[in-house]
Each structure stands twice: as structure tokens, then as C-alpha cells.
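*Asks:* Below is the structure I would like to discuss, written out as C-alpha cells.
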Amino acid sequence: MPERNRYSAGLLAVEAAGILLALLFLSPFYFLIVNSFKSLGDILRNAAALPAEWGLDNFRKAWTAIDFPTVFLHSLAVTGLSVIGLVIVSSMTAYRIVRRPTRFNRLLFTAFVAAMIIPFQSVMLPLMRITSVFELRGELYGIVICYLGFGISLSMFLFHGFIKTVPQEIEEAAVVDGCSPYGVYWRIVFPLLKPIVVTVVILNVLWIWNDYLLPVLVVNAKFTTIPLAIQKFFGQYLRKWDMAMAALTLSTIPIVAFFLLLQKHIVEGITAGSVKG
Amino acid sequence: MRKNPKRWSEWLQQTVFVGPGLVFFLLIVVAPFFMGFYYTFTEWNGLDPANAKWTGLNNLQWVFTDDSRFWLSFWFTTRFMIVSVVLTNAAAFTLALMLNRRLKTRNVLRTVFFLPNVIGGLLLGYIWYFIFVRGFGTLGEKTGFGWFELSWLGTPNTAFWGIVIVFVWQTAGYMMIIYIAALVGVPKELLEAAKIDGASRGQVLRSVIVPLIMPAITVCLFLTSSNAFKMFDLNLSLTSGGPGYASESIALNIYREGLVNNRYGLGTAKAMIFFIAVAAITVTQVLITKKREVEA
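Residue numbers (the UniProt record's numbering), protein chains in the order written: chain A, 1 to 277; chain B, 1 to 296.
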């Protein structure tokens, strides 16, 4: 409820409650960070205390144990290529469906949207067969193609909603001036889609960067993304808490940094995405 | 003849614009989905994909009559979904109401509550695994608070609540953002009119705010229920379905049937039952809440 009066006692109480809740919310990160600096003995003795000395030893060991630079680059390549591909492919599909609503294209739109309720687990076992038949396993392009397939429904849907609001007159003018249909799209329409491109990029980055199950099924050992590396680490060194906490801290840094940099856009993107979704 | 170049150009455009998307969609989503219908009725070990033996209704019969572990996971997942949908949305809505007021720390608080969402479920699960196993123990020792000393991931009941806690912690911030966006859209005149008419805060909330933000409620219920029902990463990293199979989600059960037991046919049959359940739950829920949406 909006408050018309100035900063009141009631508001102060809400503020205090909010701050307390926020601290409680952050406490898991406190445990994560402080323990990544402690020795195993100190962790076992007292997991809640601050470290006696802030050594970087755990980070050094974790860096090599999960081969951080390599898995980071793999995650970056998989996420980057998939998201760029999704933006290009799904925006083009949506554009055509909006501008040429033939019976086929309308049916296609319905199919894309309906497919959104199919849970990943329902298709994953047959998908493994497809990925071996088409030799997509263990290859970077293979996993990127999988993300294109799974991501296109939502991305296309978001672009579709946005493109409907873009006026057509400029496009017609460009055609009169002799611009090709492809030129119209890339030079005139696509630049207008910037706000929704940001939304699509953000939603897909969060999803693909963090995804675990699809990489497990299709990458074999060749492309170890961050979640896979962490999972292996816990499988092998269960209870090597010192290294584990450092590995987890290292792995959360890139995506948290991405979030803090793009915060404002992320909140807007999610809002836009959810209202449409 | 004169029309042909134009038709050709239309075809080319259709192919260039829609073709790639359609191909990926057919290959990665549609084809496996329909293959799933076929494999549901076969015995297939996944290793020798060409050799899926048609066995009719055997898989489905087995799942429905002999597979108590699957139904245990089904029951676990359903309970989990109901409890976490209620708690997540209650928490998210409360946070949204708080942060919709003119607090000085509003932006910082929104960032904090949203933060768990940017980190993947698997990583969050491992962070909490550590907290349940080591952190809570320490807190119990220091504070003498028995609640911390429970074997959090070790008994069926506490494991259930453990996963619920982490799920709510992770998801509430995301739903909060959606609720805040909806609350901002509630016209101020309506709220003032209600106040002048002498409505209490509770009445305003119930009779003005809630009906107006019904679209956001639809979306949030849809997102939380489908995410909770499809839970996999958190489940794997927190409890791996344990103790025993007490906290095994359906998604994890299907995954193991296929990849650990190499019974792909059976796994696919379960995946089809799972699909039907997810579709039924989400569609029903959206239909029910959609009906209650009103225009401002």
C-alpha cells in the first residue's frame, strides 16, 4: 500500500524487519564465504566463526582441482553461443509469424507455445538417441543445438508479443525505397527489438549457465561446464569441505557478477518476461 | 508466369526466417516427444538403440502395479509441490508488500532477496548441504537450540522440510519481483477511494489489491508449481533422494531408471505419465486462476 505521509515510525519498523530478513537470507552466503578461507580443521571445529586468517590456499587448490579456467571457458562458450543463436533464430521466426500470419504460421505458433508445458525429463531419454544418431554428443555445437531447440519456444513467444506492437509503416517505407526483406529485418526491425532482446538474453543466460541435466546427458567428458565440475568434485571429494567451499565460491562469482552488473535490466527483463509468459 | 518470382521470394523468406527455428524445434523437442510415445511401449536398454522390443502395455502395467518406488516419488513430489507453492507465494507476496513501500533500503533489499535465483539449483543445493551437515551442527552447539541439532538430511521428514526451505529461499525472490511489478500497477485512486470508504487494511488487500493483481498470481502459481513438480537439481545435490528413497522426486526417479538402471523404455513410460501429470496440474491451475482475473 502506498504511503502518502513522510517517513513514519511504522515505515521504520518495516525497514528494520526487512533488513533483518535480508541478513537471514544472506546467511548461507556467509557460511559459504567464510568457510572457503578456513582450514578443514577450523571448519570442523566451528563452521560459523570468521577465519583465524584469510588464506587463499583453498582457492589455489580448488582452482586446479576443478580446472576452473577450462570449465569457465566451456560454460562461457556454451552459454554465449546458445544465447546468440537463440536471439537470432527466435526473433526471425517470431517476425515472420507476426508479419505473415498464414494458417501454417499460426499453427506453428500454437505448437511452439504448447510445447512449453513439456517437461525436460519427458523428452530426455529419446533425446539421447537423437543426439547419438546426429552425432551431437560431446561437441560444442551439439549442446548449443539442444539449447536452441529447448529455448526457442519461450524466446519466440517473447519476441512475438513485442513485434506485434512494432508499427509496420517504417518497414513499408523501406520496401518502397528498395530495401530487401532481409535488409528490412536486420537494419530496421531488429534494432527496434532491443528491450526484448535484453530480456531474452537475461532469461536464457540464467537458465543455460546454471543448467546441469542437459550437459550431463549430452556432453560426455569433453565439455565440462561449471555445474558438472562441481558435481564431480562433490562425488570425488565429499567432505573435503575446505576445497569444496572454495570451489563453490569461485563458481558462483561469475554469475553473481553478471547479475550485479545488469541488475536493473534483470529485474525489468523478468517482469516483462513474466507478464507475457 | 509473372507471379512466380514473387512466390519464389515468399518461399525463400519463409524458409530463411522460420526454417532454422523449426528444424531445431522439431529435432530437439518434437521428435523426442513423439519417440517417447513409441518407447513407452517397448523394452529398450538405451545402449542398443536400434533394438527396442515392442512389449505393449508391459511398462505401464509395471509402473502402475509393481513400482512402489515411483509412486513414493510421486507422492513426495506432490506434497512438496503443494507445500512449497503455498510457502513460496506467501513469502514472496509478503516481501513484495514490504518492498512496495517507500523504504530507504528498498533497492538493496530487492537485490538481496533475488540473489539466490541467479545461482544454479545444483550449486545452491551443495551450499545448503554444507550448512545442514556442518553449519547447523555448529549453530546447535553454540546456541543449544535443539532445532539445529536435528539430522536435517538424515530422516524422511526433515529431508522434506530441508528441501522445502531451500526451494522457498531460492524461489521467493523471483516471485517477489513479479508481485512487485503487479503492485506498482494497482491504481492509487482505487486504494484511496477504498480508504475514504473506511475499508481496513485487510479489506483493501482482500477486495482491491488481490483481485487486481490476479494475473501475477496466475503466473507465480504456474511458475512455482511447475518448477516444484519438476525439481531435479536441488534434489540431487541436497539429498540424492535419500534417506532411502524418501525424498526422491519424480524427475530424479526417471533419470535413474534410464541412466542408472539402463531401463530406457520404462523410464520413458514414467516420463509420459509425468508429462500428463504436469500438463494436467498446470493447465487446471491456470484455468482456475484465470477465471478470477478482473480488469481495473
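Glycine is no exception: its CB is placed at the ideal position from the N, C-alpha and C atoms.
At what residues does the alpha helix (DSSP H) containing A:Y30 begin and finish?
*Replies:* 9 to 36
*Asks:* Determine the DSSP secondary structure at B:W54, reduced to helix, strand or coil.
*Replies:* strand
*Asks:* Put A:V225 into one of helix, strand or coil per three-state DSSP.
*Replies:* The residue you asked about is not Val; residue 225 of chain A is Thr in the sequence shown. In the structure shown, A:T225 sits in coil (DSSP, three-state: anything other than H, G, I, E or B).
*Asks:* Any C-beta of chain A within less than 9 Å: which residues of the segment 81 to 98 of chain B qualify?
*Replies:* L95, L97, M98
*Asks:* With three or more C-beta pairs closer than 8 Å as the rule, is the segment 248 to 262 of chain B touching the segment 65 to 75 of chain B?
*Replies:* yes
*Asks:* Quick one: is A:E171 buried, meaning 16 or more other Cβ sit within 10 Å of its Cβ, or exposed?
*Replies:* buried
*Asks:* Using the C-alpha atoms, what's the distance from A:A221 back to A:V71?
*Replies:* 11 Å
*Asks:* Please tell me whether B:M35 has its Cβ less than 8 Å away from any Cβ of chain A.
*Replies:* Yes, because at least one Cβ of chain A sits closer than 8 Å to the Cβ of B:M35.
*Asks:* What residues from chain A crowd round B:D233, counting only those whose CB sits closer than 9 Å?
*Replies:* Residues of chain A passing the Cβ test: N210, D211, Y212, L213, P227.
*Asks:* Hey, would you say B:V164 sits closer than 8 Å to B:L87, going by beta carbons?
*Replies:* Going by C-beta atoms, B:V164 is nearer than 8 Å to B:L87.
*Asks:* Which residues share a DSSP beta bridge with B:T42?
*Replies:* Looking at the DSSP assignment, B:T42 forms a beta bridge with B:W54.
*Asks:* DSSP state of A:Q168, grouped into three classes?
*Replies:* Coil.
*Asks:* Can you find the residues in the same chain that come closer than 6 Å, C-beta to C-beta, to A:A229, ignoring five residues on each side of it along the sequence?
*Replies:* I66, V71
*Asks:* If we cut at 8 Å on Cβ distances, does B:I165 have a partner in chain A?
*Replies:* Not closer than 8 Å to any Cβ of chain A, the Cβ of B:I165 fails to qualify, so no.
*Asks:* Which chain A residues are close to B:W20, counting only those with a beta carbon under 7 Å from its beta carbon?
*Replies:* In the sequence under discussion, the amino acid at residue 20 of chain B is Pro, which differs from the Trp named in the question. The answer, in chain order, is V89.
*Asks:* In or out: residue 336 of chain B buried (at least 16 other Cβ within 10 Å) or exposed?
*Replies:* In the structure displayed, chain B extends from 1 to 296; residue 336 of chain B sits before or after that span and is not available.
*Asks:* Since A:L11 meets chain B, which of its residues come closer than 8 Å, beta carbon to beta carbon?
*Replies:* In chain order: R101, R102, L103.
*Asks:* For the segment 263 to 284 of chain B, list every residue whose C-beta sits within 8 Å of some C-beta in chain A, in sequence order.
*Replies:* Y264, G267, T268, A271, M272, F274, F275, V278, A279, T282, V283
*Asks:* For B:L150, decide whether its Cβ has a neighbour in chain A, counting only Cβ atoms nearer than 8 Å.
*Replies:* no
*Asks:* At a cut-off of 7 Å, is B:A199 close to the ligand NAD when judged by its beta-carbon and the heavy atoms of the ligand?
*Replies:* The model on display carries no ligand, and the ligand NAD is accordingly not part of it.
*Asks:* Here's the rule: buried if 16 or more other CB atoms are within 10 angstroms of the residue's CB, otherwise exposed. What is A:R129?
*Replies:* buried
*Asks:* Alpha carbon to alpha carbon, what distance is there between B:F76 and B:F17?
*Replies:* Taking the straight line from one Cα to the other gives about 44 Å.
*Asks:* Spatial neighbours of B:M81 within its chain, please: CB distance less than 7 Å, with the 5 preceding and 5 following residues excluded, ordered by chain position.
*Replies:* S225, A228, F229
*Asks:* Roughly how many angstroms separate the alpha carbons of B:T218 and B:G173, rounded to a whole number?
*Replies:* 17 Å
*Asks:* Closer than 8 Å by beta-carbon distance: list the chain B residues that pair up with A:L206, in chain order.
*Replies:* Those are N117, V118, listed as they occur along chain B.
*Asks:* Let me see if you follow: with CB-CB separation under 8 Å, is A:C146 close to chain B or not?
*Replies:* yes
*Asks:* Check B:K290 in the structure and name its three-state DSSP category.
*Replies:* helix
*Asks:* Check B:T239 in the structure and name its three-state DSSP category.
*Replies:* coil
*Asks:* Apply the 10 Å Cβ neighbour rule to A:V176 and answer buried if 16 or more other Cβ atoms are within range, or exposed otherwise.
*Replies:* So A:V176 ends up on the exposed side.
*Asks:* So, does the CB of A:P28 fall closer than 8 Å to a CB anywhere in chain B?
*Replies:* yes
*Asks:* So, is the C-beta of A:N46 closer than 8 Å to a C-beta in chain B?
*Replies:* Yes, A:N46 counts as interfacial toward chain B.
*Asks:* Is A:V189 near A:V166, with beta carbons less than 8 Å apart?
*Replies:* yes
*Asks:* Could you work out which residues of chain B lie near A:Q121, taking near to mean beta carbons separated by less than 8 Å?
*Replies:* K230, F232, I250, A251, I254, Y255, A271, F274
*Asks:* Starting from the Cα of A:K240, find the closest Cα among A:V78, A:A13, A:K61 and give me that residue.
*Replies:* A:K61
*Asks:* Expressed to the nearest angstrom, what Euclidean distance is found between the alpha-carbon atoms of A:Y182 and A:M116?
*Replies:* Distance between the alpha carbons of A:Y182 and A:M116: 29 Å.
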